[in-house]
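What follows is a set of notes on a single structure, which appears directly below.
Protein chains in written order, with the numbering used here: chain A, 1 to 111; chain G, 1001 to 1891.
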């Protein structure tokens, strides 16, 4: 069982919320989208995606419903709830603050 | 989690809890869908179907693990896991019904014993008075006197002054137990009631269901308000729930009373030990109190009372204020109140009812049942531990397929919880049945059982639930300890705990047995000490004859006799009785020793004795008739007995006991010396032996007697020395009394031995209860030891077979197993011995002339424990000796 690195662990939730903020998707599509936009850098395994989805659903941030997929099979589509949207805003703001601070430190010139 | 998010998360949580199968199915479908897509994509990339599938599965990681992670991710899943664990736990219990029943029985015993004792403590000590409001602020009120230990009664005037001046008291009320013969129709019986102040029903917040309580003025005057409130039970049983009862006349103590109210159902008054049946106002005091005290007299003390403090006032603050009031009264009325004061006690220390006598017993019981519960827990933990060995396979597999250790722990605790909850529930049922059982252990008086109800209220329930959780932790802990050592390869390894070696995991089980043995030993020692002490009490001479003397009384006060009539009657009755064949002598006395009555007490002054400045000598004394000492069999050392001639017209005289001679006359013969009693000088005419006065456990104390005629009471006890059997004496007495006055009733007649037995009944209760529980504890420990040894033998048949094949005889194996069992026992005995040495001191209050460290008692407990342990090991040992080496080695 592969575990994502700590950084990804913390941000995976935010990435999923962000992806779902654009449009409702099923699990497969989310995994494809993750790979696309992160250009495979983050290396999110499918193994950690589904537990994360279930966790988010149980926190009330996303909801799921069964709908026919593109190839006309039943698929579970996830979409963002209102509290999920608020959570995304909170996490994005947080991320921006932290990443700005880190990049500030990383760019310090050595004396 | 804020409320909004919580609302949004509800649907998912709800579904996973109640439709867990469906949710699980959907999850699997979702994962399959993902896998299919991946395979399709892989095929599109040009892989073979076979390879596409393999790669897809590898990309995902183990499906089963992901499934489990998803389950775990669902909101932590506490509740869902719990429900699942519950279902699983119940299935486990049903699979092993024998085990489950045994475990639940053990826990029922432990929690039940605790719940019963809690219900007694609650119903007798903490909340003894059903329907009475705010008992947590209620305190018993009585007096103190310098030079006397314990409580004295109060005078009505002092009580009134206190009630007026106390700012910290919400209210104060009088409640003094009394009795009356009650004839309704042609059926007469004794009824118990209380003399109360007029504010009684208001103060305790009890409204009569019919009629009214007392008016404020009804406790004033002398015998001026013959009104009575009766209990619901009396109304129902004796008046057939007559709806027109109010206003009806009923004779109490031969005085017609108007029934003005019926108390609500379930209200039994304010006296621990007896259910009250009627209440009369204090103005009727002279009708109901044998002392015939006057309300307005400050030195006539008869009141027992309660105060309810205002919210937030502590007992200490209130006591300070009461002491100040008492000190002021002592200055204002030095003649009657010097050296006297007020004191309050918590309800469970109430000095004037059975709370005080039962308190030490119940204290010990709380400790004893805690022991029993621990022993029961150890047994169940042992049972669970055995089962956890047999379940190692299952546990290892669950670990292997992805269950976390925390999850396994939860599972084990849940199973413990199921057992504990079932045990506690049935324990509470047992407690409900036994809640009134305490009264059964105490002697009846005049054919009436005591009223000592246990209460199973919210507090007792809460405590039981708390115990249930504690039990869960204890019994769940040991198997859980075991999972720590579980590894995935576990099922492949074989467990072998040798009979002799017993290392490794067996030490937990052995430890539990050692623990059980030591606790049982402590209980055994406790029971043996109490038994020994009761034996000593019952065989020690109280200083008077107990076998051929009976004691009773005649209802002169109730029949309305005045002093003169009572004197004439008493003389005539003694003459008639003494003339009867079979009766040696008969004598009246105000109080029969060791009875319920309280002695008169007085400050004394002694000719030639100079008390130190602080000392205010005060003694108790008894008013006795002619030939009292020969009737009672109390030896006379010098001087003479009282005679008929020592009447109200003769010079005042007294007889003292030897301890008094030693204390006040330095052992010199006091005949002819003077003593001041109640302010009057009396002359000593005799010296008698010391005896027991109020309790078999009291130390010898100075005491004296005055002639009944010179300090008269109308309702003394009658003692008769005779060799006739009790029923014959009783019939004779009734005949003689009725010959004098057919309206008189004779009270219950008992031998003095019975009187002694009754006075030691708290000890009997303690002995009975501790013996029962000690016996059960012994049984549990025996079962525990048996279990451990049986298991050890069953586990090591191979070793035993080998030993046998190598030449060990059956006797060797028998000895081997028994000696191992006895080693465990010996370990337990060492700890038990130390614990008992430390703990038996707690019994000191219940012991009589037995040291808490009595070597004989310890030795016999040791013997009993060893015998029990040996017999517990016999069967496993016998089984070991029957091992068939050929078969074992073949297997």
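The C-beta atom is built at its ideal place from N, Cα and C for all residues, glycine as well.
Please list the residues of the segment 1012-1045 of chain G that have a C-beta atom closer than 7 Å to any C-beta atom in chain A, keeping them in chain order.
Flagged, chain order: 1012, 1013, 1026, 1030, 1031, 1033, 1034, 1037.
In this structure, how does DSSP classify residue 1627(G) when only helix, strand and coil are distinguished?
Under the three-state reduction of DSSP output, residue 1627(G) falls in the coil class, being neither helix nor strand.
Within this structure, are the beta carbons of residue 1241(G) and residue 1276(G) separated by less than 8 Å?
No, the Cβ-Cβ distance between residue 1241(G) and residue 1276(G) is not below 8 Å.
Check the Cβ-Cβ distances between residue 1009(G) and every residue of chain A, and say whether any is below 8 Å.
Using a Cβ-Cβ cut-off of 8 Å, residue 1009(G) counts as an interface residue toward chain A, since at least one Cβ of chain A sits closer than that to its own.
Say whether the segment 1314-1322 of chain G touches the segment 1246-1265 of chain G, bearing in mind that this needs 3 or more beta-carbon pairs closer than 8 Å, one atom from each stretch.
No, the segment 1314-1322 of chain G does not touch the segment 1246-1265 of chain G.
Validate contact between the segment 1113-1130 of chain G and the segment 1455-1465 of chain G using beta carbons, cut 8 Å, 3 pairs:
Here the segment 1113-1130 of chain G makes contact with the segment 1455-1465 of chain G; the two share three or more CB pairs at distances below 8 Å.
Outcome for residue 1108(G) when other beta-carbon atoms lying within 10 angstroms are tallied against a minimum of 16
The residue is buried, with at least 16 neighbouring Cβ atoms inside 10 Å.
Grab the span of the beta strand (DSSP E) containing residue 1584(G) for me, first residue to last.
Where residue 1584(G) is concerned, the enclosing beta strand (DSSP E) stretches over 1583-1589.
Minimum length 4: unbroken alpha helix (DSSP H) runs contained in the segment 1365-1447 of chain G
Runs of the alpha helix (DSSP H) inside the segment 1365-1447 of chain G: 1392-1400, 1405-1434, 1438-1441.
How would you write the range of the alpha helix (DSSP H) that residue 1057(G) sits in, first residue to last?
Here the alpha helix (DSSP H) through residue 1057(G) covers 1049-1060.
Using a C-beta cutoff of 8 Å, does residue 1004(G) count as contacting chain A?
Yes - at least one Cβ of chain A is within 8 Å of the one on residue 1004(G).
Determine the chain G residues that contact residue 194(A) at a beta-carbon separation under 9 Å, and present them in chain order.
Not covered by the structure: residue 194(A). The range shown for chain A is 1 to 111.
Identify the residues that DSSP records as bridge partners of residue 1345(G): which are they?
DSSP lists 1140(G) as partners of residue 1345(G).
May I ask you to list, following chain order, the residues of the segment 1047-1064 of chain G that have a beta carbon less than 7 Å from some beta carbon of chain A?
So the close ones are 1059, 1060, 1061, 1062.
Return the Cβ separation of residue 1471(G) and residue 1111(G) in integer angstroms, given the expectation that the two are a contact with Cβ distance under 8 Å.
Going by Cβ atoms, the distance from residue 1471(G) to residue 1111(G) rounds to 7 Å, so yes, they are a contact pair.
Just to confirm my understanding: we take residue 1255(G), look at its own chain, exclude 5 residues before and 5 after, and list those with CB closer than 6 Å. What are they?
Closer than 6 Å at the Cβ level, and outside the excluded window around residue 1255(G), lie 1226, 1287.
Exposed unless 16 or more other CB atoms sit within 10 angstroms - verdict on residue 1776(G):
By the 10 Å Cβ count, residue 1776(G) comes out buried.
Consult DSSP for residue 1068(G) and reduce its assignment to one of helix, strand or coil.
In the structure shown, residue 1068(G) adopts helical secondary structure according to DSSP, grouped into three states.
Range covered by the alpha helix (DSSP H) that runs through residue 36(A):
It spans 27-37 - the alpha helix (DSSP H) in which residue 36(A) sits, taken as one unbroken run.
Which residue's Cα is closest to the Cα of residue 1767(G): 1886(G), 1414(G), 1360(G)?
It is 1360(G) whose Cα lies nearest to the Cα of residue 1767(G).
Alpha helix (DSSP H) runs wholly inside the segment 1833-1883 of chain G, at least 4 long, in chain order
Within the segment 1833-1883 of chain G, the alpha helix (DSSP H) runs of at least 4 residues that lie entirely inside it are, in chain order, 1855-1881.
Going by C-alpha to C-alpha distance, which of 1610(G), 1273(G), 1184(G) sits closest to residue 1236(G)?
Here the closest residue by C-alpha is 1184(G).
Residue burial classification, residue 1856(G) (beta-carbon count within 10 angstroms, cutoff 16):
Label assigned to residue 1856(G): exposed.
Okay, do the segment 1268-1285 of chain G and the segment 1293-1306 of chain G touch, 3+ Cβ pairs below 8 Å being the bar?
Two segments are said to touch when three or more pairs of C-beta atoms, one from each, lie closer than 8 Å; by this definition the segment 1268-1285 of chain G touches the segment 1293-1306 of chain G.
Take residue 1163(G) and list the residues in its own chain whose beta-carbon comes closer than 6 Å to its own, dropping the five residues that flank it on each side.
Contacts found: 1172.
Name the chain A residues whose beta carbon is nearer than 7 Å to that of residue 1070(G)?
Those are 50, 51, 54, listed as they occur along chain A.
Any Cβ of chain G within less than 8 Å of the Cβ of residue 81(A)?
Chain G, which has a Cβ nearer than 8 Å to the Cβ of residue 81(A), makes this yes.
Start-to-end residues for the beta strand (DSSP E) that takes in residue 1552(G)
1549-1553 is the extent of the beta strand (DSSP E) around residue 1552(G).
By the criterion of Cβ-Cβ separation under 7 Å, what are the contact partners of residue 76(A) in chain G?
Chain G residues near residue 76(A): 1026, 1030.
Of all Cβ atoms in chain G, is any one closer than 8 Å to the Cβ of residue 45(A)?
Yes, residue 45(A) lies at the interface with chain G (some Cβ there is under 8 Å from its Cβ).
Whose Cβ in chain G lies nearer than 7 Å to the Cβ of residue 57(A)?
Chain G residues near residue 57(A): 1012.
Selected residue, minimal CA-CA separation from residue 1852(G), among 1622(G), 1411(G), 1834(G):
Closest by alpha carbon: 1834(G).
Euclidean distance between Cα positions of residue 1(A) and residue 1072(G):
The predicted model places residue 1(A) with a pLDDT of 36, which falls under 50 and marks its position as unreliable, so this point remains unresolved.
If you draw a straight line from the C-alpha of residue 1433(G) to the C-alpha of residue 1115(G), how long is it?
For residue 1433(G) and residue 1115(G), the distance between alpha carbons rounds to 11 Å.
Verify the CB distance criterion: does residue 27(A) have a CB-CB separation below 8 Å to chain G?
It does; some Cβ of chain G falls within 8 Å.
What first and last residue would you give for the alpha helix (DSSP H) that runs through residue 1762(G)?
Counting along the chain, the unbroken alpha helix (DSSP H) around residue 1762(G) starts and ends at 1761-1795.
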